[in-house]
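Here's the structure, in structure tokens; my notes come after.
Here it is in structure tokens:
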């Protein structure tokens, strides 16, 4: 019997049983037929191969439309409550692959209002974090011509009228059932989900026709998009399709990387020294002594260092499998794996931080509706 | 025992006991000392003399600040759910007097979002009504240099960040208790009150210092402003002061003029013929026959025609009293009173409709933050 877990857009606790979660939320596993269609004879992203992106809603009709020439728009987002860490960029990397694979436009929503309402942060703080997070998003190489960044308080003139239309169709009963709100919830938090619905409808609004939308994101966001999908037909918009990923684990062995556990979280602006220190302290599946580990082997399944490779730093399946094998046989020690991961992360971060600096030159022109940061 | 009545921002039913309402809401009667301060040796507006504006919150500290040279900003509004009728413009006429009397700036809020959320109307409809209502407001002669018109969906970029700050401080419990919401209320309606709070805080935001605000409006709006006043100190804004009026009665004898009762309501765009027809059918305090009325006299206290004079068309107290006396003595018949009122309304409307046309030339320059209609 697994420990009870909880997954909401604002709280992830316990050991997540992703199969059970899928069942609870009523999403659909991504099967081989879908994987074949997504690869279309080309490369399949490792996050799909490994079941990191593992569940979906209505991917089939979306791909059918695409095959008929009706291109979808990608939409994902980020709640700017703090600095970007590697757990945040994981689904963005996947979005970038989808953008390239299908040659589609993309909307990236920064929900500064949400984080103001749900966290002990000022709007100035969430606004400034939105800018910082946007740099990391851009640094991943999204096509500046095809990608637009929404900041809720900056684009509210375009978002609010659509949010109102959503709001009129959602009762407090629904919000309570979907999000677990109660009488002590503030009325901004109750309204907020409407703002997260809007980018799913903006492409249709802007084009004046039904534009399909695909939202690749963490499965913790499903409650929002259940609401979005429920109201869509009544508003004359197509229901967005979704593809959901598992949460990127932290270095301390937990199920979700968290900014609140700074020492177990690699931020995109971390120095090589900080990375070395954090990975050095990571939870692994090793034994208490070198001798024991050489003899009995380690356990990659519980190892945060292995998981980092699995989720982010070893896209080559055979190399990943080799790593696991060596670990299980005691042929490689935790220190070696850590050194190797530190090297990979620091190579990535050096390049990323460079691209992040360059992102400052394009961040203004990538805003939705041309707002000023 | 009076019939049970109900007064909320969205519903006014029953025979309103205004003293009891004041007690329930916890507002303060306007006493002679306050009237003296408001007139300051000059004319006192008939709506104050007659107790049409009869109740307040914190008028004294507002006037104290004014005497010290700290000018307040006026704020009132309108929910654009339909064409403007005479009941709507009644408190605006009073606002105009306050603007002139104190030489102050004023904000006029058109809550197109509210009427979309609470009524069976589209945003296009409430938006177009907002424009129509604005023309009537301007036609009353507000100083175009000192008056700015807010339309919620048009000014949302400035309103939303402040609304969020309000929202974070208001729980669903509070909204439920203040407005009578329940689980079936839509989440936009629950959020809406925050938008009505904002113009009370905008003057302070814009000036970067604590600017007092006075809100003259119908007492049915008090629930909103109780919330506004409760959250103000925590947000660093002064609590707005309020001065409340009774509801303008309709021609059918009801306690509140209502657009839904078209035949008992004079709209600002009504033709002389329509006015004649509507007033002709008005409920009066007359007897069933001319003979009986000559003998027993009529009852002006229940007469809609008399009330129209009291609330809107006879600012001269002695003339109004004379009218009542003549009625009670049977010296004047309902038909004569009606003809007299029809004449007054049509003179007013002819001028008003002319000013309303001219308002189209300035409606653009009177927008808050220069939005486009």
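Protein chains in written order, with our numbering: chain P, 17 to 389; chain H, 17 to 389.
Glycine included, C-beta positions come from ideal geometry on N, C-alpha and C.
- Starting from the Cα of residue 23 (chain P), find the closest Cα among P:375, P:332, P:284, P:237 and give me that residue. When only C-alpha atoms are compared, the closest one is P:237.
- CB-CB under 6 Å to residue 99 (chain H), same chain, minus the five flanking residues each way: which ones, in chain order? If we look at residue 99 (chain H) and ignore the five residues flanking it on each side, its Cβ neighbours are 283.
- Query: CB-CB under 8 Å to residue 257 (chain P), same chain, minus the five flanking residues each way: which ones, in chain order?
  - Reply: Counting only Cβ-Cβ distances below 8 Å, and skipping sequence neighbours, we find 72, 73, 74, 75, 77, 78, 88, 228, 229, 230, 231.
- Query: Would you say residue 244 (chain P) and residue 216 (chain P) are within 7 Å of each other, going by their C-beta atoms?
  - Reply: Contact flag set, yes.
- Is residue 174 (chain H) near residue 385 (chain H), with beta carbons less than 7 Å apart? One thing to note: residue 174 (chain H) has its Cβ within 7 Å of the Cβ of residue 385 (chain H).
- Query: If you draw a straight line from the alpha carbon of residue 309 (chain H) to that of residue 363 (chain H), how long is it in whole angstroms?
  - Reply: The alpha-carbon of residue 309 (chain H) is positioned some 29 Å away from that of residue 363 (chain H).
- Item | Cβ shell of residue 262 (chain P) (< 6 Å), same chain only, five flanking positions each side left out | If we look at residue 262 (chain P) and ignore the five residues flanking it on each side, its Cβ neighbours are 34, 68.
- Item | Three-state secondary structure assigned by DSSP to residue 257 (chain H) | DSSP, reduced to helix, strand and coil, places residue 257 (chain H) within a strand of the structure shown.
- Item | Any 3 or more C-beta pairs closer than 8 Å across the region 199-209 of chain P and the region 121-136 of chain P | Touching, yes, given that three or more Cβ pairs across the two stretches are closer than 8 Å.
- Task: Say whether chain P places a C-beta atom closer than 7 Å to the C-beta of residue 206 (chain H).
- Result: Judged by the 7 Å Cβ criterion, residue 206 (chain H) is in contact with chain P.
- Can you tell me whether DSSP reads residue 213 (chain P) as helix, strand or coil? Helix at residue 213 (chain P).
- Message: Suppose contacts are defined by Cβ-Cβ distances below 7 Å. Is residue 169 (chain H) in contact with residue 222 (chain H) by that definition?
- Response: No. Outside cutoff.
- Message: Just to confirm the assignment: which complete alpha helix (DSSP H) runs, minimum length 4, are found wholly within the region 242-329 of chain P?
- Response: List check, alpha helix (DSSP H) in window: 288-296, 306-312, 320-324.
- Message: Between residue 176 (chain P) and residue 176 (chain H), how many whole angstroms is the CB-CB distance? I'm expecting something under 8 Å.
- Response: The beta carbons of residue 176 (chain P) and residue 176 (chain H) sit about 7 Å from each other, so the pair counts as a contact at 8 Å.
- Message: Measuring CB atoms only, is the region 136-143 of chain H touching the region 302-317 of chain H, in the sense that at least three cross pairs come out at less than 8 Å?
- Response: No, because fewer than three Cβ pairs between the region 136-143 of chain H and the region 302-317 of chain H fall closer than 8 Å, the two stretches do not touch.
- Item | Against chain H: residues of the region 166-190 of chain P by CB proximity under 9 Å | Answer in chain order: 168, 169, 170, 171, 172, 173, 175, 176, 177, 179, 180, 181, 182, 183, 184, 185, 186, 187, 188, 189, 190.
- Message: Classify residue 335 (chain P): buried if its beta carbon has 16 or more other beta carbons within 10 angstroms, exposed otherwise.
- Response: Burial state of residue 335 (chain P) is exposed, judged by a 10 Å Cβ sphere holding fewer than 16 other Cβ atoms.
- Query: Does the ligand ATP have even one heavy atom less than 6 Å from the beta-carbon of residue 81 (chain P)?
  - Reply: The ligand ATP is not part of this structure, which contains no ligands at all.
- Per DSSP, which residues does residue 234 (chain H) bridge with? Please list them. Residue pairing for residue 234 (chain H): DSSP places it in a beta bridge opposite H:261.
- Go through the region 84-117 of chain H residue by residue and report every complete run of the alpha helix (DSSP H) that reaches 4 residues or more, in order. As far as the region 84-117 of chain H is concerned, it has no whole alpha helix (DSSP H) run of at least 4 residues.
- Item | Residue range of the unbroken beta strand (DSSP E) whose run includes residue 70 (chain H) | DSSP places residue 70 (chain H) inside the beta strand (DSSP E), whose first and last residues are 69-73.
- Are the CB atoms of residue 96 (chain H) and residue 233 (chain H) nearer to each other than 7 Å? Note that the C-beta distance between residue 96 (chain H) and residue 233 (chain H) is not below 7 Å.
- Item | C-alpha distance - residue 251 (chain H) paired with residue 226 (chain H), whole-angstrom precision | The straight-line gap from Cα to Cα measures roughly 11 Å.
- Short CB-CB distance (under 7 Å) between residue 134 (chain P) and chain H: For residue 134 (chain P), the answer is no, since every Cβ of chain H falls outside 7 Å of its Cβ.
- Pick out whichever of H:296, H:297, H:351 has its Cα sitting closest to the Cα of residue 305 (chain H). Nearest C-alpha to residue 305 (chain H): H:351.
- Query: Beta-carbon of residue 201 (chain P) versus every beta-carbon of chain H: anything under 7 Å?
  - Reply: At a cut-off of 7 Å between beta carbons, residue 201 (chain P) contacts chain H.
- Compare the C-beta of residue 370 (chain P) with all C-beta atoms of chain H and state if any pair is closer than 7 Å. By this cut-off, residue 370 (chain P) is not an interface position.
- Could you give the C-beta distance for residue 267 (chain H) and residue 299 (chain H), rounded to a whole number, given that I count them as a contact under 8 Å? About 7 Å separates the Cβ atoms of residue 267 (chain H) and residue 299 (chain H), confirming a contact at the 8 Å cut-off.
- Task: With 8 Å as the C-beta to C-beta threshold (strictly closer), list the residues of the region 118-148 of chain P near chain H in chain order.
- Result: For the region 118-148 of chain P, the beta-carbon criterion of a distance under 8 Å to any beta-carbon of chain H is satisfied by 129, 132, 133, 139.
- Helix, strand or coil: how does DSSP classify residue 22 (chain H) here? It is a strand residue.
- Message: Can you pull the chain H neighbours of residue 210 (chain P), defined as C-beta to C-beta under 9 Å?
- Response: The contacting residues are 203, 204, 207.
- Can you name the residues of chain H whose CB is closer than 8 Å to the CB of residue 192 (chain P)? The contacting residues are 199.
- Message: Out of H:109, H:70, H:80, H:117, which one is the CA nearest neighbour of residue 57 (chain H)?
- Response: Among H:109, H:70, H:80, H:117, the Cα nearest to that of residue 57 (chain H) belongs to H:117.
- Task: Given a cut-off of 7 Å, decide if residue 179 (chain P) and residue 210 (chain P) are closer than it, judged by their beta-carbon atoms.
- Result: Less than 7 Å divides the Cβ of residue 210 (chain P) from the Cβ of residue 179 (chain P).
- Message: Given a cut-off of 7 Å on the beta-carbon distance, is the pair residue 90 (chain P) and residue 122 (chain P) in contact?
- Response: For residue 90 (chain P) and residue 122 (chain P), yes; Cβs fall inside 7 Å.
- Message: Per the DSSP calculation, residue 45 (chain H) is bridged to which residue(s)?
- Response: In the DSSP output, where bridge partners are listed per residue, residue 45 (chain H) has H:71.
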